[in-house]
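I have placed the structure first, in the form of structure tokens, so that the comments after it can refer back to it.
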Amino acid sequence: MRKTFADLVAVDDVSFTIQAGETYGLLGPNGAGKTTTISMITGILERDAGDVLVSGRPHGTTSTWGKKQIGYVPQDLALYPDLSARENLRFFARLYGLGRADARARIDEVLQVVGLTERAKDPVKEYSGGMKRRLNIGVGLLHRPPLLILDEPTAGVDPQSRNAILESVSALAGEGVAILYTTHYMEEAERLCDRIGIIDLGRIRAEGTRRELVGLVGELDRISLTTDGAQAVPELESLPEVRKVGGQEGRMEVMVEDARKSLPRVLAAATDAGVVVRTVEVHEPNLESVFLHLTGKALRD
């Protein structure tokens, strides 16, 4: 997809695919082109070039069918504060064209998913910020969309509500919903996203799993071993997965490509060398270092 505003190229040949049951994270600093990209995917904004396919069919600003396949949860709350949660959902169900019986059953299901069944009759204006966010997600789920777009759904909520939202998103992916997720919290992307695209200046700079992205910048996992004082440097260095061994008496730092796979062999080699391992710590590089390397900015810049 491509989109320009006068002389500004906001989105420059951005392309990615999201499979059913996959959560795809779109990360980028402010002004990177995320909002413009989402607006074109949802059919809110006309593209200058490129195509959007939803369930294999073309979708654009005039595509009523395509918009029915998408659940869009924007950053700004789209709720009526004087109505209850159930009344809000009933209103949006009518907009989606759900029949009365189907809407009633679906509203009960959605309230359960977002954890608001017990507060369904209360006015939304009495809700906490986190509860409003959860209801906002519920509105986007009403019509059972195969693609759900969540644009910073945890912004400004308390830790408890944030965790509830993340658990709901994980459950939806488990049910086969394709999810496009944007966030300013790197730990959310690491927790939820199967694949991640890093966008900056309107272009996708890198795409892949967390492990694949970390590999792009050569980051290694580190296994820290506290021992009885003995060392097993030669034995560990002989392992094919070990890249470097360092440390001092009573502690060894072992650099490997994949700590989770390498740990059993590292511990076995140390034990065979007569080293008594007291504690083990595994340190995996995170997306923050990759993001900074690719964009030169923090996620919120």
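Position 185, counted from 1, in the sequence shown is what full-length UniProt numbering calls 185; the numbers after and before it change by one each time, with no gaps. Positions of the beta carbon are idealized from the N, C-alpha and C atoms, including for glycine.
Which first and last residues belong to the alpha helix (DSSP H) in which residue i is found?
i: residue 303; result: In the structure displayed, the chain extends from 1 to 301; residue 303 sits before or after that span and is not available.
i: residue 351; result: Here the chain covers residues 1 to 301 and nothing more, so residue 351 does not appear.
i: E190; result: 186-192
i: E235; result: 233-237
i: G138; result: 129-141
Counting C-beta neighbours from all protein chains within 10 Å, is the total for residue i 16 or more, i.e. buried, or is it exposed?
i: T36; result: buried
i: E207; result: buried
i: S39; result: buried
i: S170; result: exposed
i: S291; result: Sequence check: residue 291 is Phe here, not Ser. Answer is buried; the Cβ neighbour count reaches 16.
i: Q231; result: buried
i: K3; result: buried
Which class does residue i belong to by DSSP, given the choice of helix, strand or coil?
i: L17; result: Per the sequence presented here, residue 17 reads as Thr, with Leu not at that position. T17 falls in the coil class under three-state DSSP.
i: I44; result: coil
i: Q69; result: coil
i: H59; result: coil
i: K121; result: coil
i: A173; result: helix
i: H283; result: strand
i: V164; result: According to the sequence displayed, residue 164 carries Ala and not Val. Helix, per DSSP.
i: L147; result: strand
i: V54; result: strand
i: A78; result: coil
i: A32; result: coil
i: A268; result: helix
i: A230; result: coil
Using only alpha-carbon positions, find the residue among the options that is nearest to residue i.
i: R133; options: A10, R144, A101, L77; result: L77
i: T226; options: G215, G247, I204, R251; result: R251
i: G296; options: P29, R2, G21; result: P29
i: residue 310; options: L172, W65, I196; result: Coverage of the chain is limited to positions 1 through 301, which leaves residue 310 absent and any answer about it impossible.
i: K68; options: A93, V113, T183, V14; result: A93
i: Y24; options: L192, G246, D158; result: L192
i: R104; options: G115, M131, F91; result: F91
i: I204; options: A6, L216, L26; result: L26
i: E87; options: L142, V266, W65; result: L142
i: E241; options: I107, K261, G156, V233; result: K261
Check whether the Cβ atoms of residue i and residue j sit closer than 7 angstroms, and answer yes or no.
i: I137; j: T154; result: no
i: G50; j: S63; result: no
i: E281; j: S224; result: yes
i: M11; j: G33; result: The question names Met, but residue 11 in the sequence shown is Val. Yes, the pair counts as a contact, with Cβ atoms nearer than the cut-off.
i: Y127; j: L150; result: no
i: M1; j: V14; result: yes
i: F16; j: G140; result: no
i: L148; j: G71; result: yes
i: L220; j: R243; result: yes
i: G246; j: E237; result: no
Could you check whether the Cβ of residue i sits closer than 7 angstroms to any Cβ belonging to chain C?
i: V256; result: The structure shown has no chain C; it contains just one protein chain.
How far does the beta strand (DSSP E) with residue i in it reach, from first residue to last?
i: E207; result: 203-208
i: A10; result: 8-12
i: E253; result: 251-256
i: A85; result: From DSSP, A85 is part of no beta strand (DSSP E) but of the alpha helix (DSSP H) over 85-95.
i: A178; result: 178-182
i: R195; result: 195-200
i: Q248; result: 242-248
i: D102; result: Looking at the DSSP string, D102 is not in any beta strand (DSSP E); the run it does join, the alpha helix (DSSP H), is 100-113.
i: S224; result: 221-227
i: T154; result: Where T154 is concerned, there is no enclosing beta strand (DSSP E), given that its DSSP letter is neither H nor E.
i: R2; result: 2-5
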